[in-house]
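Chains as they are written, first to last, in my numbering: chain A, 114 to 216; chain B, 171 to 306. Note that beta-carbon positions come from the ideal geometry of N, C-alpha and C, so glycine has one too. This report refers to the structure that appears directly beneath it.
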Amino acid sequence: MTIVVQVSDFRKNMSAYLSKLEDGYEIELKKGKVSKGKIIPTISNVNSKRRINMAVNILSDMDRVRKKIGLWTEAKDAEEANNEIDRIVYGVDRNGKELPPRF
Amino acid sequence: MEKNYLLDSNVLFAIYTENDRLNVKAQEWLLKISKRKNIKILIHPLVLIETLTLIKYRSGIESEKLVRKELFDPKKYLILEEQISLDVKTIDIFEKESSIGIIDTIIIQYCLKNKIELVTFDIEMNNVWKKLKRKN
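Shown next as structure tokens:
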């Protein structure tokens, strides 16, 4: 993933931006709308033994992805959602309720 | 010690749905897990199949592509490369437990065999999982 940053902002928070490279990001430096170059992590940084926290990474992108997907449900709780999933994927849930013709 | 969590499709659905009530439940679980150091979040191929099918039918192909990219991001999830097999133990559980289906049974047995924590919002599946985990 690429972080786009203005050169002036990058100068002010250089250490914060550079630490992002360890998480596999690239940094694109811009002056106004003009790209001035990219900072790409070296192989040793990419293969860093620093452990990735998968839950944190899911959480950090979750809202952005949710908005794009538009995955809706009228289920009021997890159990109703589970039955709805079964009806969509398998056509029928464990209570024998079927998917309506147009869902 | 590293702890591995295998997510059921209803948890992935809750993570990406617009339904805030379900999403909060998933978010709370993720927040709790995010404080632990050595964790991996796993996806079984059967859960992947269910989830992608669900998103495609409910929200369309473009949405499915977005979710697929998320699920295949190695910083977020680890997709298991497993052969799907029906061993005697799995069939035994399937035929004893009336409240769960064959897919649920395969996933439970996989977690038991590999000492992986199953995360599901399905009450019936969770009950069977907890019962068998205690016995195991």
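Per-residue DSSP class, three states only, for residue i
i, result
"Y130(A)", "helix"
"N174(B)", "strand"
"E188(B)", "coil"
"I165(A)", "coil"
"I152(A)", "strand"
"T115(A)", "strand"
"E141(A)", "strand"
"E211(A)", "strand"
"K210(B)", "strand"
"S157(A)", "Caution is warranted here: a pLDDT of 45 is assigned to S157(A), below 50, making its placement in the model unreliable, and no coordinate value can be reported."
Residue from the options whose Cα sits closest to the Cα of residue i
i, options, result
"A168(A)", "K202(B), D190(B), I293(B), S229(B)", "K202(B)"
"L184(A)", "W299(B), S179(B), E188(B), N296(B)", "E188(B)"
"I165(A)", "V217(B), K226(B), W299(B), K205(B)", "K205(B)"
"T275(B)", "I211(B), V194(B), R304(B), L216(B)", "L216(B)"
"S233(B)", "R179(A), M175(A), E187(A)", "R179(A)"
"N170(A)", "I219(B), I277(B), L218(B), K246(B)", "K246(B)"
"E198(B)", "Y203(A), F123(A), L172(A), G145(A)", "L172(A)"
"I225(B)", "I152(A), T186(A), I153(A)", "T186(A)"
"E287(B)", "I231(B), I213(B), I273(B)", "I213(B)"
"L134(A)", "I116(A), D190(A), D122(A), E197(A)", "I116(A)"
"L218(B)", "K239(B), A196(B), K300(B)", "K239(B)"
"E252(B)", "S229(B), K303(B), I231(B), N284(B)", "N284(B)"
"Y227(B)", "A129(A), K125(A), P214(A)", "P214(A)"
Cβ-Cβ separation, residue j to residue i (assumed contact under 8 Å), whole Å
i, j, result
"L222(B)", "V237(B)", "7 Å"
"A184(B)", "N193(B)", "6 Å"
"Y138(A)", "M114(A)", "5 Å"
"I277(B)", "L176(B)", "7 Å"
"S255(B)", "E294(B)", "No, S255(B) and E294(B) are not in contact; Cβ-Cβ is about 23 Å, not under 8 Å."
"Y186(B)", "I201(A)", "Incorrect: roughly 14 Å between the Cβ atoms, too far for contact."
"T260(B)", "D178(B)", "The Cβ separation is near 16 Å, so there is no contact."
"K195(B)", "A191(A)", "6 Å"
"N208(A)", "N196(A)", "7 Å"
"K144(A)", "V120(A)", "5 Å"
Cβ neighbours of residue i in the same chain (closer than 8 Å, five flanking residues each side left out)
i, result
"G150(A)", "E141, L142"
"S148(A)", "E141, L142"
Residues near residue i in its chain [Cβ-Cβ closer than 6 Å; skip 5 each side]
i, result
"D292(B)", "N180"
"E267(B)", "V298"
"D199(A)", "D206"
"N306(B)", "L282"
"G204(A)", "L212"
"K311(B)", "Missing from the structure shown is residue 311(B); chain B here goes from 171 to 306 and no further."
"L182(B)", "T221"
"N296(B)", "T290"
"I153(A)", "E139"
"N160(A)", "Low local confidence applies: a pLDDT of 47 at N160(A) is under 50, so the model's placement there is unreliable, with the coordinate-based value given in what follows. Cβ within range, chain order: n/a, list empty."
Sequence-distant residues of its chain with Cβ nearer than 7 Å to residue i (five each side left out)
i, result
"N208(B)", "M171, E172, K173"
request  = Can you check the segment 224-303 of chain B for any beta strand (DSSP E) of at least 3 residues that lies completely inside it and give the ranges in chain order?
outcome  = Counting whole runs of 3 or more residues, the segment 224-303 of chain B contains the beta strand (DSSP E) stretches 287-289.
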